[in-house]
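See structure below.
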Amino acid sequence: QVQLVESGGGLVQPGGSLRLSCTASGSIFSRGTMAWYRQAPGKQRESVAVISSYGVTNYAESVKGRFTISGDNAKNTVYLQMSSLKPEDTAIYYCNYYTNPVSWGQGTQVTVSS
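For the sequence shown, this note's numbering gives the first residue as 1040, with consecutive numbering after it.
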């Protein structure tokens, strides 16, 4: 089964930027559309961005215009470029296949705080 590893999180001030990476053990789009999710303390996991193998993207309203999802087939990696970060973006961020998920990874913590 494909394994996914997230990285790139950290502590950033409001208004700052981070780029998250999701690297697959095999072809990144082998199971179809990829998505980034996040889970804040006490809240359900939610999807924030998706990208198809054709490069079609979609975003949650809360991140539209601030986050950009992209993929690199050669590196088996999907990225999430996050800018204009807000405290409410604080969460653990995960990646997974949108309609054909595999086991969840450990995620990467993003904390937006001054």
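Here a beta-carbon is modelled for each residue, glycine too, at the ideal position from N, C-alpha and C.
**Asked** If we ignore side chains and look at the alpha-carbon of each, how far apart do R1070 and N1139 end up?
**Response** As a first step, residue 1070 is located in the sequence shown; it is residue number 31 there, counting from the start. As a first step, residue 1139 is located in the sequence shown; it is residue number 100 there, counting from the start. Approximately 6 Å, taken between the alpha carbons.
**Asked** When you compare each of G1055, S1056, G1054, T1062 to L1043 by their alpha carbons, which one comes out closest?
**Response** Along the sequence shown, one-based indexing puts residue 1043 at 4. It is T1062 whose Cα lies nearest to the Cα of L1043.
**Message:** Between the alpha carbons of N1135 and T1072, how many angstroms are there, rounded?
**Reply:** Mapped onto the sequence shown, residue 1135 falls at position 96. Mapped onto the sequence shown, residue 1072 falls at position 33. About 9 Å.
**Message:** Looking at the secondary structure, which residues open and close the beta strand (DSSP E) in which S1060 lies?
**Reply:** Walking along the sequence shown from the start, residue 1060 turns up at place 21. Taken as a continuous stretch (DSSP letters only), the beta strand (DSSP E) holding S1060 covers 1057-1063.
**Prompt:** Is it a yes or a no for the stretch 1112-1131 touching the stretch 1077-1084, going by three-plus beta-carbon pairs under 8 Å?
**Reply:** yes
**C-alpha distance - P1126 paired with G1055, whole-angstrom precision** = Your numbering for residue 1126 matches position 87 in the sequence shown. Your numbering for residue 1055 matches position 16 in the sequence shown. Roughly 10 Å separates the two Cα atoms.
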